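For the sequence shown, counting from 1, position 20 maps to 1 in the numbering used here; every step adds exactly one. Note that beta-carbon positions come from the ideal geometry of N, C-alpha and C, so glycine has one too. All of these numbers come straight from a predicted model, not from anything done at the bench.
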Amino acid sequence: MYEFTPVGWLKHCVFHPVEGFEDLRWKKQGSMKISLIIVFFLFVAMVADRQATGFQFNDNYVKIFNVVPLIVQSVVYYITWVVGNWSICTLLEGEGTFKKIAIYSAYSLVPYIVCTIIKVILSNFLVQEESIWISALAYLGLGWSIVLMIQAMKACHQYSFSKTLVSMLLTLVAMLLILFLAILLLSLFQQVYVFFYSVYTEIAYRIRG
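Structure representation (structure tokens):
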């Protein structure tokens, strides 16, 4: 069995996913601190992808920048995935804890983050005719991370391959439900705030009058 530093375990999982995540589980390794750093860099990569991609490959209007959608697409989606997977796999008798799911999921995002950053850098040097390299990096990062995520969830919960795929599909459904309920709650809180603010404004107006 291998012995690595925390960063070494991350590399082992990224480049040897089949045995890497199993070793990670068996040795009870994995760093929550590194996972949080990875999620932060996921956000940074998405900001860079939107704002710093070469103008020939960038369809975004970079003069107007709104950070909220990027936070949702990175941090919020990650948290929702972890919560959704933990909820679903608790019902399906998975062995993974909330912490393990958070760590394994974050480790799986590394190829996507790295390829996105490399893609952004290259987009400022390549010409339109060489766009195939940009597309190749995008598909490589996404595909590699999906493979890692499948193997990570398989090792984390000790599922068969087919049950892992089913649990991940159910997790996506759970994510939609969680986000839908979150939007409903935000809308409700907004309406309550508007109501009380209107009451306060009316009372204040009558007192001054």
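CB contact flag (residue i, residue j, <9 Å)
i        : j      : result
Leu90    : Val56  : no
Leu73    : Cys96  : no
Gly122   : Ile94  : yes
Phe70    : Ile82  : Correcting the residue type first, residue 70 is Cys in the shown sequence and not Phe. Their beta carbons are under 9 Å apart, which means Cys70 touches Ile82 by this criterion.
Ser143   : Met134 : no
Val(-12) : Ile15  : yes
Tyr58    : Met130 : no
Phe79    : Trp62  : no
Ala136   : Glu3   : yes
Val53    : Val28  : no
Gln37    : Ser112 : yes
Ala26    : Val128 : no
Buried versus exposed, by CB contacts within 10 Å (16 or more), residue i
i        : result
Tyr42    : exposed
Ser132   : According to the sequence displayed, residue 132 carries Gln and not Ser. Classification of Gln132: buried, given that the 10 Å Cβ count is 16 or more.
Ser126   : buried
Gln10    : buried
Leu51    : buried
Trp114   : exposed
Thr145   : buried
Gly44    : Note on identity: in this sequence residue 44 is Lys, with Gly being the wrong assignment. Under this definition Lys44 is an exposed residue.
Trp7     : exposed
Thr182   : exposed
Ser168   : exposed
Ser104   : buried
Thr(-14) : exposed
Tyr174   : exposed
Leu193   : It is not possible to answer for residue 193, since the shown part of the chain is limited to -18 through 190.
Leu150   : exposed
Tyr140   : buried
Secondary structure of residue i, DSSP reduced to three states
i        : result
His(-3)  : coil
Asn66    : helix
Phe21    : helix
Gly(-11) : helix
Thr97    : helix
Leu51    : helix
Leu73    : coil
Ile45    : coil
Ser16    : helix
Thr78    : coil
Ala33    : coil
Phe38    : coil
Leu90    : coil
Leu3     : For the sequence presented, residue 3 should be read as Glu rather than Leu. Three-state result, Glu3: helix.
*Completely contained alpha helix (DSSP H) runs for the region 105 to 190, where each covers 4 or more residues*: 112 to 138 and 142 to 189
Stretch-stretch touch, CB-based, cutoff 8 Å, three pairs: the region 154 to 171 with the region 28 to 35: no
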